[in-house]
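Protein chains in written order, with my numbering: chain A, 1 to 125; chain B, 1001 to 1249; chain C, 2001 to 2153.
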Amino acid sequence: MATGPAIATGSPRSRSWRWTAITGVSLLALVTIHMVAHHFVVDEIGGLRTYQHVLDYISTPIIFVIEGGFLVVVTIHAMLGLRSVLFDFGLSERRRRLVERALVVLGVATVAYGFALIGILASRA
Amino acid sequence: MSDAVRTLRVHRFKRGDDAPRVEEHLVPAHEGTTVLEALRWIQLQEDPTLGLRHSCFHASCGTCGVRVNGRERLACVTRLSDVEGAVIVDPIANLPVLHDLVVDMAAFVARFPQPHPIVRESEFLPESSPADGIDDHERYEDCIECGLCLSACPVAATDDTYVGPAALAYAQRMIEESRGGDREALLHWADQDAGAWRCHAAFECTEACPSDVRPAQRIMALRRELRGRRTDHDRAVPDRPATVTGASA
Amino acid sequence: MSERSPRQGRDAGVDEILEGRREPGPVARKLPGPVAWFDIRGRSTGHLAFSLNRITGLGLVFYLYLHLLVLSTLLRGEGSWNGFLEIATTPLFLGFDVLLVFGLLVHGLNGTRLALVGSGFVPNRQKALFWSFMIFGAIVLVYTAIHVFGSEG
C-alpha cells in the first residue's frame, strides 16, 4: 500500500468536491431566480417589496419551496466552502474532523433559523 | 568585459541566526549573465560563505531553484537582463531553509507516495555505477524535482500537510502508465484531504514548472480518475507543444 | 513496482533533520499566512481567479448571515421593515447591491470554470475560459448596475 508521511489515510474525499460542484451549479439557477423574483419583477420602492408584498410572496407555496431549497443549497455550498478554506490552514486530522462537526452544527442552525424565519412570515400573510 | 553593474539583494540565513537578513551586492554583468553566475561571482569574489545549490548550469538538474523578484526560477537559465531593477534572490518558499538559498529538499521528497518507483529506469546506462554513498538512481519522468511548483502554490503557502503539485503529478503519471506500479494504491494515496482535493486550480505550479510537467493539468486529470469517470488523458493532458518536442502539436 | 527504495542514497544529514535531531531553519514564506492567497503581484491568471474566488466566497458567506439578519427585521413588523427600506434605497446602499452582484457573478462564473476545469475538461483552456466568463460577467454587471441605479428615482 502506498502511503505518504505527509497525509493521513482515510475514506474517499471526492464527495466534498462533488457536492460543492453540484450545489454550485444548482445555485446558478436558484440565485438567478431569487434575484430576479425579488428585485427585477417588482416596481415597488427601488425594486424592493413592501412589508405586505413580502408576506404575500413568501406564503405562495411554490415560492416557499423554491426559497427553502435555495436556503438549504446555499448553506451547504457555504459550509463546504468554509471547510475548504479552513482545511487550507494545514489542520491536523483531529482538527479537520472538529471543523467538519462545527460546520454541520452551524449549517443546521442556519437552515433551521432560515426556515423558522420564512415560516413565521408565511403564517402572517 | 562587463557592461553594467547590477544590484543583487540576497537572502541570508544560517542555522542559529535569529532571523533571515538581506545582503546587498553589486555585481558586474553583461547581456548574458545569469542569476546563478552572479551568485557564484558573489561567492568567489566577496563572500565564500554564501550558500547556494547548483550543478548542471543548463536547467537539467533542478538544484538551483530560487525566487527571483518573487517569481520561481531556475537561477542557471534566468538572465539578469530579463529582470528590471534590483535583483532580489530568495530561497524557494514553503520549504525549510537550511542555509541562505538552500532549502531542505528532504521535506519535498517526503511528500511523495512511499514507496514510489522511478518511472524512467531506461534512462540509466546498465554499466553506470552510482557515486559513493548512493545506492540507487532516482528520477521522476520529466520532473527535475526543483521544488518550484511547491513554492508557487498558494495552498502550500498555508498548508504544510498538502502533498503538493509535484507529488500529485508524479502519482498521475504512474496511474496513467503504471508499468507494473500499484495503480489502486496510488489512487488511494491521492484521494486524501491533503491530496488531490486540496488543489484549488490556481495553475501557478504549471506556470512555474521549468520542465513542462504541467502539474495542475495532471492534478485535474487525477481528479477525473478519482471521480470514477472515463479515463481520457489524451484529452486532459495533450501532447507537449511543438516548441518543446520539435514535433507538430 | 520497482524494489528501489527512495529512502536510500539521500544527502548526509537528512535523516537527522527528519527525525528532529537537527532542526532545519524556518520555512521560507512569501507573505505571512493567508495573505499569500491574495498576493497576485507577478502571478498568473489562475492565481487571480483563485484569489477572486476566495475573497468573493468569504464575502458571500458574510452576506448570507447579513441577509438573514436584515430579513429578521420583518419579524418586528411593518414599521421596522419600512425603516430598512428607507436605508436600502440610498445611493450608498445601491452601490453595495452592485458590489453584491459583482461578487455573485465572479464567484458563480469562476465556479463554473472551476467545475469544468476540475472535472478534467478543458484544463488547457482555463485562462481563456476565465477571461470569457469575466467579459460576460462585466456585461451582466453593467446591465444590473443600470437597472439598480435606474430604479432609484
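Beta carbons: idealized from backbone N, C-alpha and C, even for Gly.
Beta carbon of residue i nearer than 8 Å to that of residue j
i: ILE22/A; j: GLU67/A; result: no
i: ALA1208/B; j: TYR1162/B; result: no
i: LEU27/A; j: VAL74/A; result: yes
i: ALA1157/B; j: TRP2037/C; result: yes
i: GLY1164/B; j: CYS1149/B; result: yes
i: HIS2147/C; j: PHE40/A; result: yes
i: LEU106/A; j: TRP19/A; result: no
i: THR1033/B; j: ARG1079/B; result: yes
i: ASN1094/B; j: VAL2035/C; result: no
i: VAL2061/C; j: ALA78/A; result: yes
i: SER2044/C; j: GLU1204/B; result: yes
i: LEU2058/C; j: VAL85/A; result: yes
i: GLN1172/B; j: ARG1218/B; result: yes
i: PRO1091/B; j: VAL1077/B; result: no
i: ILE985/B; j: GLU1225/B; result: Residue 985/B cannot be examined here, being either before or after the span of chain B that is shown, 1001 to 1249.
i: LEU121/A; j: ILE58/A; result: yes
i: GLY2103/C; j: THR2056/C; result: yes
i: VAL1155/B; j: ARG1198/B; result: yes
i: ARG1053/B; j: THR1063/B; result: yes
i: SER1211/B; j: ASP1142/B; result: yes
i: ASP88/A; j: ASP1159/B; result: yes
i: LEU71/A; j: GLY114/A; result: yes
i: SER1035/B; j: HIS1025/B; result: Here residue 1035/B is Val; the residue named in the question, Ser, does not match the sequence. Not a contact, by the Cβ cut-off of 8 Å.
i: GLY1978/C; j: GLY24/A; result: In this structure chain C extends from 2001 to 2153, so residue 1978/C is not present and cannot be described.
Residue i - partner residues in DSSP beta bridges
i: PRO1096/B; result: VAL2027/C
i: VAL1005/B; result: PRO1028/B
i: THR1034/B; result: ARG1079/B
i: GLY90/A; result: Answer by DSSP bridge pairing: none, since GLY90/A is not bridged.
i: ILE1088/B; result: ARG1009/B
i: ARG1067/B; result: GLU1072/B and ASP1090/B
i: ARG1021/B; result: ARG1012/B
i: SER105/A; result: The question names Ser, yet the displayed sequence has Val at residue 105/A. VAL105/A pairs with nothing; no bridge assigned.
i: VAL1102/B; result: HIS1099/B
Presumed contact (8 Å Cβ cut-off) between residue i and residue j, rounded CB distance
i: VAL1087/B; j: LEU1008/B; result: 5 Å
i: LEU55/A; j: ALA125/A; result: 4 Å
i: VAL1089/B; j: VAL1109/B; result: That pair is no contact at about 23 Å.
i: LEU2052/C; j: VAL2101/C; result: Contact doesn't hold; Cβ gap of about 14 Å is too wide.
i: GLY2108/C; j: VAL31/A; result: 7 Å
i: LEU2129/C; j: ARG2113/C; result: 5 Å
i: GLY2137/C; j: LEU2116/C; result: Incorrect: roughly 15 Å between the Cβ atoms, too far for contact.
i: ALA1029/B; j: ALA1038/B; result: 6 Å
i: PRO1113/B; j: TRP1189/B; result: 4 Å
i: GLN1192/B; j: ARG95/A; result: Not quite, the Cβ-Cβ distance comes to about 15 Å (not below 8 Å), so this is no contact.
i: PHE2133/C; j: ALA1202/B; result: Not really, about 16 Å apart at Cβ, beyond 8 Å.
i: SER2080/C; j: THR2073/C; result: 5 Å
i: GLY2046/C; j: GLN2126/C; result: 6 Å
Chain A residues whose Cβ lies nearer than 8 Å to that of residue i
i: LEU2075/C; result: LEU117, ILE120 and LEU121
i: ASP1159/B; result: PHE87, ASP88, PHE89 and GLY90
i: TRP1197/B; result: ARG13, SER14, SER16 and TRP17
Residue i: contacting residues in chain A (beta-carbon distance under 9 Å)
i: HIS2047/C; result: What HIS2047/C touches in chain A: nothing, since even the nearest Cβ is about 14 Å away.
i: ARG1227/B; result: SER14, TRP17 and ARG18
Residues that residue i contacts on chain A, provided the C-beta gap is smaller than 7 Å
i: VAL1155/B; result: ASP88
i: GLY2057/C; result: GLY81
Interface residues of chain B facing residue i [CB-CB closer than 7 Å]
i: ARG96/A; result: ASP1193
i: GLY2108/C; result: By Cβ distance, chain B contributes nothing, its closest Cβ being about 16 Å from GLY2108/C, past 7 Å.
i: GLY2033/C; result: THR1158
Contact set between residue i and chain C, taken where Cβ atoms lie within less than 7 Å
i: HIS1200/B; result: PHE2050
i: PHE64/A; result: Within chain C, no residue comes near PHE64/A; the closest Cβ sits about 14 Å away, beyond 7 Å.
i: ALA1221/B; result: GLY2120
i: ARG1224/B; result: SER2119 and GLY2120
Residue i: contacting residues in chain C (beta-carbon distance under 8 Å)
i: ILE1092/B; result: ALA2028
Beta-carbon neighbours of residue i, restricted to chain C and to distances below 9 Å
i: TYR57/A; result: Chain C residues near TYR57/A: none, gap ~11 Å exceeds 9 Å.
i: TRP17/A; result: GLY2118
i: ARG1071/B; result: GLY2042 and ARG2043
Residues that residue i contacts on chain B, provided the C-beta gap is smaller than 9 Å
i: LEU2114/C; result: HIS1200 and ALA1201
Any non-hydrogen atom of the ligand MN within 7 Å of residue i CB
i: ALA109/A; result: No copy of the ligand MN occurs in the structure displayed, which carries no ligand at all.
Chain-ordered chain B contacts of residue i [CB-CB under 8 Å]
i: TRP2037/C; result: PRO1154, ALA1157 and THR1158
i: ARG101/A; result: Per Cβ cutoff of 8 Å: no residues; ARG101/A is ~15 Å from chain B at best.
Entirely enclosed beta strand (DSSP E) segments - the stretch 1144-1216 of chain B, minimum 3 residues
Listed in chain order, the beta strand (DSSP E) runs fully inside the stretch 1144-1216 of chain B amount to none, counting runs of at least 3 residues.
Mind pulling the alpha helix (DSSP H) runs of 4 or more residues that sit fully within the stretch 2023-2093 of chain C?
2045-2071 and 2078-2088
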